[in-house]
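Student: Have a look at this one before I ask anything.
There are 2 protein chains.
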Amino acid sequence: MKYLHIPYYLRLRDSLAKKIEEGSLLPHTKLPSERDLKDAYDINRVTVRQALMQLESEGLIYRLIRRGWYVSPPRLFYDPTKSVSFMDNVRAQGRVPETVILSKTEMAASDWVNRTMDIAVGAPVYLLRRRRLIDGRAVLVEHINVNPVLCPGLLDLPLECSLTETLKEQYGIKISRTVINMYPAPLDSTQAEELQVVAGAPCLYLTRASYDQHDNIVEFDQEFWRHDVLEISMEVNNA
Amino acid sequence: MKYLHIPYYLRLRDSLAKKIEEGSLLPHTKLPSERDLKDAYDINRVTVRQALMQLESEGLIYRLIRRGWYVSPPRLFYDPTKSVSFMDNVRAQGRVPETVILSKTEMAASDWVNRTMDIAVGAPVYLLRRRRLIDGRAVLVEHINVNPVLCPGLLDLPLECSLTETLKEQYGIKISRTVINMYPAPLDSTQAEELQVVAGAPCLYLTRASYDQHDNIVEFDQEFWRHDVLEISMEVNNA
DNA sequence: GAGTGGTCTAGACCACTTC
DNA sequence: AAGTGGTCTAGACCACTCC
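Chains A and B supply the protein sequences, listed in that same order.
If you read the first sequence in full-length UniProt numbering, its first letter stands for residue 1, the second for the next number, and so on.
If you read the second sequence in full-length UniProt numbering, its first letter stands for residue 1, the second for the next number, and so on.
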């Protein structure tokens, strides 16, 4: 005999999920407060939160920390096999992209940079940190490590747009090969704050190593995406 | 002034995470019971579960429903741009793959099959459902829809191994193009049970549409992976 | 200042697993 | 039969947001 009772938290989850799918709750709409939901469904607040956290992990709703719960917008399609910039990709899907520079510095290469980018420990590296938004909502924080030998003065150029394009136009660097890696990981407290997410919340961690036409590693990018933003989509030809 | 207190559930999370990273808790080790952890850390059981669920969402631990919490093994690298079979890929990474047939039937094409596979509504479709394991742990359930016109009698052949290979060797079908899509989604109760996961738990939902040398759609595969199993990894050449 | 979400307690019952 | 995890209650305090 199997367990047939449907728990309260799943009933609330299903009820809200249905409203979202039907469209009676639109993207970016704020849900009623947890205490209102508790009264409306006559269950405990802990149980309400269990339902909300489940919906959050599914990507149907998101929260702004200490402000409330909101209906998620549709996912952004992302094709890692095509080298389309964030700005172009977001615009192509009818949405509004935005980029904010969080910091840009020249640093001494750490052990880790040495291993991943083949730059001598202590030699200079550019570190650029950006936050990117879609329709006003922060969706990712990225740390971009660039080899300054290949593009001196990069940090003095405008950095809000596609880096790949700047590298090509200003330095003649063509990215010819990219190694991409991704998996879910927890956000550390700094990035969590920058994404207005609770510390330790899961994100999609994506790294991208970009090599130029001479197979030098130009750029090593770490991207921390909100876990509910992307839908990976690609076409593969099996030659 | 920012919130500086570290909550109890994160302290327990960090303590367990440290033991896992250090290697003093090995993959597939069972954690102490929730009540033991509650006593050891002198916190409430609800708080213990909050820590455990956080670790679960990060992929550091997993649970066998109603049996307990276990340390997760390393992720499996998966390169969607290479057409390597599950069995080969798992073996290449030094682990033991296994496949279980859950069901195989010939069905009448539904509306949905009609739209995705271009088979007339009501015409026959093969549906094959398999569960796949790594080192004895169920990691994915897949629903494979195949066009029987292209490979009559397929269901009477052995189906535990690579379907792609069977299609090639027995029917001369070469998969030349694949459209892949993936994003996190909740498991429905059937697949949740088959993966021994709580209903509604998040999984990685991956679809794969495979086209043959004449661009007929041969196979439409829906895969439900445990969310903590894969690390996507690929190399892209920007021609 | 009122209200909200984030955290936490000290219990409880049930279905299921383990012995 | 004992123990475990899954669910749930009825409170509580705090930091922060909103008005």
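Beta carbons are placed, not taken as given, at the ideal position from N, Cα and C, and that holds for glycine.
Would you report the Cα separation of B:E160 and B:V100, rounded to the nearest angstrom?
Tutor: As a working note, residue 160 of chain B is residue 160 in the second sequence. As a working note, residue 100 of chain B is residue 100 in the second sequence. C-alpha separation (whole angstroms): 7 Å.
Student: Would you tell me roughly how many angstroms separate the C-alpha atoms of A:N181 and B:V229, rounded to the nearest one?
Tutor: Position 181 of the first sequence, counted from the start, is the residue given in the question as residue 181 of chain A. Position 229 of the second sequence, counted from the start, is the residue given in the question as residue 229 of chain B. Cα to Cα, the separation comes out at about 14 Å.
Student: At a CB-CB cut-off below 8 Å, which residues of chain A make contact with B:Q54?
Tutor: Taking the first residue of the second sequence as 1, we reach residue 54 of chain B at position 54. Per Cβ cutoff of 8 Å: P186 and G200.
Student: What residues match up with B:L64 in a beta bridge as DSSP calls it?
Tutor: For the purposes of this step, residue 64 of chain B is identified with residue 64 of the second sequence, where counting begins at 1. Bridge partners of B:L64: B:G68.
Student: In three-state terms, what does DSSP make of B:I134?
Tutor: Translated into positions along the second sequence, residue 134 of chain B becomes position 134. Note: B:I134 maps to strand in three-state DSSP.
Student: What is the DSSP secondary structure of B:K104, counted as helix, strand or coil?
Tutor: Working through the second sequence from its first residue, we reach residue 104 of chain B at position 104. DSSP, read as helix, strand or coil, puts B:K104 in strand.
Student: Beta carbon of B:S103, beta carbon of B:R129: below 8 Å?
Tutor: Within the second sequence, residue 103 of chain B is the residue found at index 103, counting from 1. Within the second sequence, residue 129 of chain B is the residue found at index 129, counting from 1. Result yes, Cβ atoms of B:S103 and B:R129 sit closer than 8 Å.
Student: Does A:Y183 have its Cβ less than 8 Å from a Cβ in chain B?
Tutor: The residue labelled residue 183 of chain A in the question sits at position 183 within the first sequence. For A:Y183, the answer is yes, since a Cβ of chain B falls inside 8 Å of its Cβ.
Student: Going by DSSP, what residue range makes up the alpha helix (DSSP H) through B:I20?
Tutor: Sequence index remark: in the second sequence, residue 20 of chain B carries index 20 (1-based). Segment Y8 to E22, the alpha helix (DSSP H) holding B:I20.
Student: What residues in its chain sit with their C-beta under 8 Å from that of B:L187, if we drop five residues either side in the sequence?
Tutor: One-based indexing of the second sequence puts residue 187 of chain B at position 187. So the list reads L195, V197, A199, G200, A201, P202, C203 and F224, once near-sequence residues are dropped.
Student: List the endpoints of the continuous alpha helix (DSSP H) containing B:L204.
Tutor: Position 204 of the second sequence, counted from the start, is the residue given in the question as residue 204 of chain B. From DSSP, B:L204 is part of no alpha helix (DSSP H) but of the beta strand (DSSP E) over P202 to Y211.
Student: To the nearest angstrom, how far is it from the Cα of B:I232 to the Cα of B:D39?
Tutor: Locating residue 232 of chain B in the second sequence gives position 232, where the first residue counts as 1. Locating residue 39 of chain B in the second sequence gives position 39, where the first residue counts as 1. Those two C-alpha atoms are separated by around 39 Å.
Student: What does the Cβ neighbour count give for B:M1, buried or exposed, with the cut at 16 atoms within 10 Å?
Tutor: Taking the first residue of the second sequence as 1, we reach residue 1 of chain B at position 1. A caution first: B:M1 carries a pLDDT of 44, below 50, which makes its placement in the model too unreliable to give a value.
Student: If we define contact as Cβ-Cβ less than 8 Å, is B:M234 a contact residue for chain A?
Tutor: Position 234 of the second sequence, counted from the start, is the residue given in the question as residue 234 of chain B. Chain A, which has a Cβ nearer than 8 Å to the Cβ of B:M234, makes this yes.
Student: Can you look up A:V125 in the DSSP assignment and give me helix, strand or coil?
Tutor: Locating residue 125 of chain A in the first sequence gives position 125, counting from the first residue. Strand.
Student: Please check if any C-beta of chain B sits within less than 8 Å of the C-beta of A:M1.
Tutor: As a position in the first sequence, residue 1 of chain A is number 1, starting the count at 1. Caution applies to A:M1, whose pLDDT of 43 falls short of 50 and renders its modelled position unreliable; the value that the coordinates give is listed next. So no, A:M1 is outside the interface.
Student: Is it true that the region 207 to 217 of chain B meets the region 164 to 177 of chain B, where meeting means three or more beta-carbon pairs spaced less than 8 Å apart?
Tutor: Flag = yes, the region 207 to 217 of chain B and the region 164 to 177 of chain B touch.
Student: Would the beta-carbon of A:E219 fall within 8 Å of that of A:N145?
Tutor: Locating residue 219 of chain A in the first sequence gives position 219, counting from the first residue. Locating residue 145 of chain A in the first sequence gives position 145, counting from the first residue. Yes, the pair counts as a contact, with Cβ atoms nearer than the cut-off.
Student: Step through the CB atoms of chain A and report whether any lies within less than 8 Å of the CB of B:I180.
Tutor: To locate residue 180 of chain B, count along the second sequence from 1; it is residue 180. True, the Cβ-Cβ gap to chain A drops below 8 Å.
Student: Would B:N237 be called buried (16 or more neighbouring beta carbons within 10 Å of its own) or exposed?
Tutor: Here the question's residue 237 of chain B lines up with position 237 in the second sequence. By the neighbour-count rule (16 or more Cβ atoms within 10 Å), B:N237 is not buried but exposed.
Student: Can you give me the Cβ contacts of A:P74 inside the same chain, cut-off strictly under 6 Å, excluding the 5 residues immediately before and after it?
Tutor: Here residue 74 of chain A refers to the residue found at position 74 of the first sequence. So the list is empty, once near-sequence residues are dropped.
Student: Tell me which same chain residues have a C-beta within less than 6 Å of the C-beta of A:Y8, skipping the five on either side of it?
Tutor: Within the first sequence, numbered from 1, the residue matching residue 8 of chain A stands at position 8. I43 and T47.
Student: List the endpoints of the continuous alpha helix (DSSP H) containing B:T178.
Tutor: Counted from its first residue, the second sequence places residue 178 of chain B at position 178. No alpha helix (DSSP H) contains B:T178, which is instead part of the beta strand (DSSP E) from R177 to P186.
Student: Where do the ends of the beta strand (DSSP E) carrying A:D221 lie?
Tutor: To locate residue 221 of chain A, count along the first sequence from 1; it is residue 221. Run containing A:D221: I217 to R226, per the beta strand (DSSP E) assignment.
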